[in-house]
Amino acid sequence: MLVIPAIDLKDGRCVRLRQGDMREETVYSEDPPGMAARWERLGAGLLHVVDLNGAIEGQPKNASLIEAIVKAVSIPVQVGGGIRSLDTVKLYLSLGVSRVVLGTVALQDRRLLDQACAEFPQRI
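Note that the numbering used here has the sequence shown beginning at 424, numbered continuously upward.
Spelled out as structure tokens, the structure:
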């Protein structure tokens with residue numbers, strides 16, 4: 424079994440939302456790269472990072488922080504949250520992200536999904 428820890432980012436912090444409500448959050452860390460490194464030390468082989476601000480606003484809001492997370496660990500990092508264009512896919516991959524998770528847009532824009540999968544095989 425592969426356990427994949429998730430780091431949800433909101434306003435630059437690691438949080439957990441109560442039932443998905445952006446107004447009800449528990450802050451777990453003010454240091455997301457440090458949290459990522461901690462998960463790696465505990466044996467994680469992959470991290471799942473979600474840009475919650477990006478998910479709401481439809482564009483990357485924590486990209487520099489995600490880049491810092493990628494640099495803080497030697498394990499693969501996959502990212503989701505607010506990825507609604509091929510430019511955003513390219514941005515995250517250029518930051519060193521191993522895989523990009525397409526959620527809502529995969530259902531709403533089949534052309535984008537097909538294009539991303541064709542251009543970046545095994546990374547979507």
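Note that CB positions come from ideal geometry on N, CA and C, so glycine has one too.
Bear in mind that the values here come from a model prediction, so they are computed numbers and not experimental data.
Where does the unbroken beta strand (DSSP E) through residue i begin, and where does it stop?
| i | result |
| --- | --- |
| L470 | 470-474 |
| A429 | 429-433 |
| E463 | Unbroken run through E463 is the alpha helix (DSSP H), 455-464; no beta strand (DSSP E). |
Start and end of the alpha helix (DSSP H) containing residue i?
| i | result |
| --- | --- |
| D537 | 533-542 |
Is residue i close to the ligand SAM? I mean its beta-carbon at under 7 angstroms from any heavy atom of the ligand.
| i | result |
| --- | --- |
| E447 | The ligand SAM is not part of the structure shown, which contains no ligands of any sort. |
Pick helix, strand or coil for residue i, following the three-state DSSP scheme.
| i | result |
| --- | --- |
| L530 | helix |
Compute the Euclidean distance between the alpha carbons of residue i and residue j, then round it to the nearest angstrom.
| i | j | result |
| --- | --- | --- |
| V523 | V426 | 18 angstroms |
| T511 | M424 | 31 angstroms |
| P544 | G526 | 17 angstroms |
*asked:* Please give the ranges of any alpha helix (DSSP H) in the segment 476-517, keeping only runs that are unbroken, at least 4 residues long and fully inside the region.
replied: Listed in chain order, the complete alpha helix (DSSP H) runs (minimum 4 residues) inside the segment 476-517 are 486-495, 509-517.
Closer than 8 angstroms is the cut-off here; do at least three beta carbon pairs connect the segment 489-502 with the segment 454-468?
yes
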